[in-house]
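J.: Following this message is one structure expressed as structure tokens.
Numbering (this note's numbering), first residue to last: 31 to 197.
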């Protein structure tokens, strides 16, 4: 999949490609930061900032329009089944954590740098749990910032990052 994404953006400037990869579901900044640093040779801070910007691009539209778009698309059986599955699965997998920690749970969920735990799924969780726009946006931003830091650290080899701060 990563090869496909890199090939898709090969004729696009690296900075734009980094933003676009980070804006994509599934890849998000978890895919964009390693590509920017390892493949494009981008400096880590630039890669981090571009990936955070790209990862946050779809968040506002998703938070604002997910309900109306899903309601509209549910008129077709395929999409009705898909959204029922997605929202039910999101609710059952994360209800206990949300009930215990509230909006902080959303930030922690988005911060985990694993597939299907990023900003896109965070928007679905915010919708499912009825989190207010402002709170959801801030929680998702916090999670994206933390995830970006973790992914950048891992991409640089962990120990290499510490030397940036200790010198």
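We put the beta carbon where it would ideally sit given N, CA and C, even for glycine. All of these numbers come straight from a predicted model, not from anything done at the bench.
Quick one: give me the first and last residue of the alpha helix (DSSP H) that residue 101 is part of.
T.: Taking the chain shown and counting its residues from 1, the one referred to as residue 101 is at position 71. Counting along the chain, the alpha helix (DSSP H) containing residue 101 begins and ends at 89 to 103.
J.: State the Cα-Cα distance for the pair residue 107 and residue 157, rounded to the nearest angstrom.
T.: Along the chain shown, one-based indexing puts residue 107 at 77. Along the chain shown, one-based indexing puts residue 157 at 127. So the alpha carbons of these two residues sit roughly 21 Å apart.
J.: DSSP on residue 159, reduced to helix/strand/coil?
T.: As a working note, residue 159 is residue 129 in the chain shown. Three-state result, residue 159: coil.
J.: From the DSSP output, in three-state form, read off residue 47 for me.
T.: The sequence position of residue 47 within the chain shown is 17, counting from 1. Of the three classes helix, strand and coil, the one that applies to residue 47 here is helix, per DSSP.
J.: Kindly indicate which three-state DSSP category residue 145 falls into: helix, strand or coil?
T.: By one-based count along the chain shown, residue 145 stands at place 115. If DSSP states are grouped into helix, strand and coil, residue 145 belongs with coil.
J.: By a C-beta neighbour count over all protein chains shown, 10 Å radius and 16 as the cutoff for buried, is residue 65 buried or exposed?
T.: Position 35 of the chain shown holds residue 65. Label assigned to residue 65: buried.
J.: Going by CA-CA distance only, name the one from 80, 93, 56, 33 that's closest to residue 170.
T.: Taking the first residue of the chain shown as position 1, residue 170 is located at position 140. Nearest of 80, 93, 56, 33 to residue 170, Cα basis: 93.
J.: Count the other C-beta atoms from every protein chain shown that fall within 10 angstroms of the C-beta of residue 72, then say buried if there are 16 or more, exposed otherwise.
T.: Numbered from 1 along the chain shown, position 42 holds the residue referred to as residue 72. When all chains shown are included, residue 72 counts as buried.
J.: Does residue 49 pass the burial test, meaning 16 or more other C-beta atoms within 10 Å, or should it be called exposed?
T.: For the purposes of this step, residue 49 is taken as the residue at position 19 of the chain shown. Residue 49 should be labelled buried.
J.: Could you tell me the distance, in whole angstroms, from the CA atom of residue 173 to the CA atom of residue 41?
T.: Translated into positions along the chain shown, residue 173 becomes position 143. Translated into positions along the chain shown, residue 41 becomes position 11. Rounded to whole angstroms, residue 173 to residue 41 spans 31 Å at the Cα level.
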